[in-house]
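Reading through the structure tokens given below for one structure.
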Amino acid sequence: MARLFGTDGVRGVAGTELTAQMCFDIGRAAAMVLTASSGQAECPHKPRILLGRDTRISGDMVQAALTAGFCAAGAVAVPVGVIPTPALAWLTREYRADAAAMISASHNPMEYNGIKFFNADGYKLDDALEDRIEAMVRGALHTLDLPSGAAVGTVEPVSTAVEDYVSYILTTIDTRLDGIRAAVDCANGAASLTAPSALKKLGAELTVIHNEPDGVNINAGCGSTHMEDIQRLTVESGADVGLAFDGDADRLLAVDEKGNIVNGDQIMAICGTYLKAQGKLKNDTIVATVMSNLGFFQMAEREGIQVPRTKVGDRYVLEKMLEEGDCLGGEQSGHVIFLEHNTTGDGLITALQLLSVMKHTGKPLSELAKVMTILPQVVVNVPVDNERKYDYIDDTEIMETIRKTERIFEDSGRVLIRPSGTEAMVRIMIEGQDLALMQQKADEIAAVMRRNLK
């Protein structure tokens, strides 16, 4: 049976894979496990669990089921409305809640939804806690006694969450943004409620698109997974920078004034080298994942920056940062963690940090982005049933094809095979100099996988 939790919580097609019954069960189990793990099992108050959501239409269903689960376990459900995932992480600490649940499928299409949990300190759960929740859902949950009478949980909505988060965001940089012209793509998601407001309050001049969510248009041809609109708008409007969020606003990709994409690796390189020059890059280290571009690692070596590499997933980046006391880390996809300011990837904080570097240096983004050279990269996604995503390791023909490809690129690039943690696919990534050869070899590996992993 496939693991319930992936690299970023529980996720699936809402209504069929992520059912109301499943959400109710997860809510009950999570309320019990999370409050007990934070020492609240014997506390005199009912544990309070915040509930946030993005703009997708199925959020109502999932929230209702989760709320029922929390209350059935004797917890207080605290809905805060539509809000970015990183805002919920911050609010968990700010409101002194015992835990929080974010209802979102991040950058995925609107038919998907998901649930990710935060502990009382605003951190995503480690594998051990997720395993405890999953074990309870699959095992003893329905044999446990339920509270009744006055012990049943309640619902206590909060209406000021967006305003509280935006007020905090304004304190995370030490400069105003007057004079900066920015194009902003809100992905018809949670950033629609926060990003334009914060940027305007700091003095930036904005042109905003995809900020009219209707429940079904989240991530639809827009946001950080579809950069064409923001690239075009940035150039046509004469903006200094384009900013593209994803549906729950925990990631950001940028566009320079010439319309070129500036990805998460480049943003970390720009901000990291600036912080290092200011003596503020703790341990002279940026934590990245194995998917970061080879050019990022070359930049780091040249600049005297250490780069520990983790599995893909910003929670693994965060775990390494916490282990070593680092302040900056993230992913090529735009999940960037500025640990001084938040406990998870935060697209709006990332945007402000990038704009702050532009403001302090007076340099255009195209010049700042030259701090690293992106090596050509080919990624081919092979659809594979979730239960078979790791079977390629035991397939002799697939592994021999991979090894032959690795030998071709061992001196001038690299080959990375990675089962997706959130989708039913295996990703084949090759970096190097010869784009045509890279595509050919990636397609060869993909063809063998498709044939052997049916």
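The opening residue of the sequence shown carries number 3 in my numbering; numbering runs sequentially from there. No residue lacks a Cβ here, since even glycine has one placed at the ideal position from N, Cα and C. A quick note: this is a predicted structure, and the numbers were derived from the prediction, not measured.
Check your understanding: Considering only residues of the same chain and omitting the five flanking positions on each side of K260, which have a CB-CB separation below 6 Å?
Key -> S368
Check your understanding: Name the DSSP bridge partner or partners of M427?
Key -> BP columns for M427 point to P385.
Review point. Per the contact definition of three or more C-beta pairs closer than 8 Å, is the segment 64-79 in contact with the segment 97-116?
Key: As far as the Cβ criterion goes, the segment 97-116 touches the segment 64-79, which means the pair count is three or higher.
Practice item. Quickly, what does DSSP pair V186 with across the bridge? List them, please. Key: V210, L245
Practice item. Would you check if the distance between the CB atom of F411 and the CB atom of G349 is smaller than 8 Å? Key: no
Check your understanding: Where does L455 sit, in a helix, a strand or coil, going by DSSP?
Key -> Reduced to three states, the DSSP call for L455 is coil.
Check your understanding: Quick one: complete alpha helix (DSSP H) runs, 4+ long, within the segment 338-383?
Key -> 349-363, 367-370
Point to revise | Three or more C-beta pairs below 8 Å linking the segment 318-329 and the segment 235-255 | key: no
Check your understanding: Skipping 5 residues on each side, what residues in its chain have a beta carbon closer than 7 Å to that of W92?
Key -> Hits under 7 Å: G124, Y167, Y170, N344.
Practice item. Give the range of the alpha helix (DSSP H) segment to which Y276 is assigned. Key: 266-279
Point to revise | Residue interval of the beta strand (DSSP E) (run including M104) | key: 101-105
Check your understanding: By how many angstroms is the C-alpha of T87 removed from the C-alpha of V164?
Key -> 12 Å
**Study point:** Residue environment, D466, which counts as buried when at least 16 other CB atoms sit within 10 Å
**Key:** Nothing can be reported for residue 466, as the shown portion of the chain is limited to 3 through 456.
Review point. Nearest-angstrom Cα distance between A22 and H144?
Key: 16 Å
Point to revise | Cut-off 8 Å between Cβ atoms - residues of its own chain near E96, not counting five sequence neighbours on either side | key: D166, Y170
Practice item. Tell me whether P198 sits in a helix, a strand or coil according to DSSP, three-state version. Key: helix
Exercise for review: With a floor of 3 residues, list each beta strand (DSSP E) that falls wholly inside the segment 74-100, ordered by position along the chain.
Suggested key: Whole beta strand (DSSP E) segments, 3+ residues: 78-84.
Review point. Nearest-angstrom Cα distance between V210 and R304?
Key: In this structure, the straight-line span from the alpha carbon of V210 to that of R304 is close to 37 Å.
Practice item. Buried or exposed for I117, please, with buried defined as at least 16 other CB atoms from any protein chain shown within 10 angstroms of its CB. Key: Looking at its Cβ environment, which holds 16 or more other Cβ atoms inside 10 Å, I117 is buried.
Review point. How would you call E230, buried or exposed, if buried means at least 16 neighbouring beta carbons within 10 angstroms?
Key: exposed
**Study point:** Length of the line joining the Cα atoms of L377 and D62
**Key:** 43 Å
**Study point:** 8 Å contact criterion, which V289 and V319 should meet: CB distance rounded
**Key:** 5 Å
Exercise for review: Leaving out five residues on either side along the sequence, give the residues of the same chain with a beta carbon under 8 Å from the beta carbon of T69.
Suggested key: Taken in chain order, the residues that qualify are G29, L53, A79, P81, V157.
Practice item. Report all residues from its chain with a CB closer than 8 Å to the CB of L200; omit the five preceding and five following residues, and keep chain order. Key: The sequence given here has Ala at residue 200, not Leu. V168, I171, L172, L350, L354, listed in sequence order.
Review point. So, are the CB atoms of S194 and N213 less than 8 Å apart?
Key: yes
Check your understanding: Where does the unbroken alpha helix (DSSP H) through L324 begin, and where does it stop?
Key -> 316-326
Review point. In whole angstroms, what is the alpha-carbon distance linking Q280 and A444?
Key: 41 Å
**Study point:** Delimiting residues of the alpha helix (DSSP H) encompassing A130
**Key:** Where A130 is concerned, the enclosing alpha helix (DSSP H) stretches over 129-140.
Exercise for review: Kindly indicate which three-state DSSP category F72 falls into: helix, strand or coil?
Suggested key: helix
Point to revise | 7 Å Cβ shell around V139 - same chain, five flanking residues per side excluded | key: The residues are L6, D27, I28, A31.
Exercise for review: For V382, I'd like the list of residues in its chain whose CB is within less than 6 Å of its CB, leaving aside the five on either flank, ordered along the chain.
Suggested key: So the qualifying residues of the chain are I430, A444, A448.
Practice item. Excluding the 5 residues preceding and the 5 following M3 in the sequence, name in chain order all residues of the same chain whose CB lies nearer than 6 Å to its CB. Key: Confidence at M3 is low in this model, with a pLDDT of 46, below 50, so its placement is unreliable and no value can be given for it.
Exercise for review: Please determine, among K284, S335, L235, T275, the residue with the shortest C-alpha to C-alpha distance to M293.
Suggested key: S335
Practice item. Look up Y114 in the DSSP assignment and give the residues it is bridged to. Key: BP columns for Y114 point to V15.
Exercise for review: Have a look at S150 and A75 and give me their C-alpha separation to the nearest angstrom.
Suggested key: 9 Å
Exercise for review: Please confirm whether L20 and N115 have their CB atoms less than 8 Å apart.
Suggested key: yes
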